[in-house]
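Have a look at the structure below before the remarks.
Residue numbers (the working numbering), protein chains in the order written: chain C, 19 to 159; chain G, 49 to 202.
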C-alpha cells in the first residue's frame, strides 16, 4: 500500500464535493459529469451554456493547478488504441443507460442517500474490480 | 450569464479536486480497482471527502432554500425504480472503467495532461453517449410516448 495518499485524496475529494455543492446552490443542478456532457447530445439542447462552461473548467483546472503549483506529475495512460476506444464506448453508453457515473451516482447520489445511486455505485465498483482482476491476474496483462 | 460563470467555477473546482487527489491518473484509479494486487485505497478517501462535503452542503441548501440562486427551481433526479437499465448500465460502465481506468470526469480533465490517448477515449465516450441518445429515439423507455406530438414543447 505504499502508493496510498490519504491526505491529498481526502482533500481532493472535499474540492469535488464543494463543486457539487456550488452547482446545486447556484444552478440547482447535479454535477454528474456524464449527465452534464450527455445533455449536450440530446435531441433538443436548450442549456448548452452552463454545460460547456462546466466542461471548460474541468479541462482547464489541471493546467491552472500546474501553473500555480509549478507542475503536475505526469499521468500514465498505457492502454492500446483499441482498448481506449472499446473502454470509451462502454463508459459513455453505460453511464447514460445507468443514468450516471462516478460523480453523479458515486458522489452526488450517495450524498443524497439515493437507493438507486447506492446500487449503481456498488455495481460499477464490482464490475470495475472484476474487470481489473481478469485483465491483470487471469489474463496476466 | 451568472449560471455560466457558476458552472465554470464548479467545473474548475471539480478538476482541481481530481488533480489534487490524482484521480486524473488512470494508473491511480486502476490501483484502487486492483484489490488482488498492490492495492491503493486512495479512491475510497476521495469518495469519503466528496460525499461527506456534498451531503452537508445538500442538507444545508435543500433544508433552507426553496430555489437555487440563479435558476427558478432545483433540478433533482426523480426516478426511484431500481430497474434493469440502472444495473446493466452501471455494469457496462464499470467494465469500461476497469479496462483503462478512465471515467468521464478524469477523462475530460486529463485532456490537457496526456492529450492523444485521452482524446481517443473521450471521442469514443462521446460516440457511446450519442449511441444511447439514438437508441432512445428508436426505442423509447417504457411509459414514454413513441414520438412526441407535433409542436409539443418540453
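Each residue gets a CB set at the ideal place from its N, CA and C atoms; glycine is no exception.
Query, Result
"Residue 77/G - containing alpha helix (DSSP H), residue span", "74-81"
"Under 7 Å from the C-beta of residue 85/C: neighbouring residues of chain G", "The premise fails here: residue 85/C is roughly 11 Å from chain G at the closest Cβ pair, so nothing lies under 7 Å."
"Where residue 68/C falls: helix, strand or coil (DSSP)", "helix"
"Residues within the segment 49-72 of chain G neighbouring chain C, beta-carbon criterion of under 8 Å", "50, 51, 52, 53, 54, 55, 56, 57, 58, 59, 60, 61, 62, 63, 64, 65, 66, 67, 68, 69, 70, 71, 72"
"Partner residues on chain C for residue 133/G, Cβ-Cβ distance less than 9 Å", "115, 116, 117"
"Cβ pair residue 180/G, residue 115/C closer than 8 Å", "yes"
"Residue-level contact to chain C via CB, residue 90/G, 8 Å cutoff", "yes"
"Chain-order list of residues whose beta-carbon lies under 8 Å from that of residue 117/C (same chain, five-residue window excluded)", "53, 123, 134, 138"
"Pair within 8 Å by beta-carbon distance, residue 105/C and residue 161/G", "no"
"Cβ-based contacts, 8 Å cut-off: residues of the segment 156-170 of chain G near chain C", "156, 157, 158, 159, 160, 161, 162, 165, 166, 168, 169, 170"
"Buried/exposed call for residue 156/C, threshold 16 Cβ in 10 Å", "exposed"
"Option nearest residue 118/G by Cα separation, candidates 83/C, 140/C, 47/C, 34/C", "47/C"
"Ranges of the beta strand (DSSP E) found wholly within the segment 83-121 of chain C, counting only runs of at least 3", "none"
"Residue of 163/G, 142/G, 172/G minimising C-alpha distance to residue 77/G", "142/G"
"Residue 95/C and residue 152/G closer than 8 Å at C-beta", "no"
"Residue 158/C at chain G interface by Cβ criterion, 8 Å", "no"
"Below-8 Å beta-carbon distance, residue 114/G vs any chain C residue", "no"
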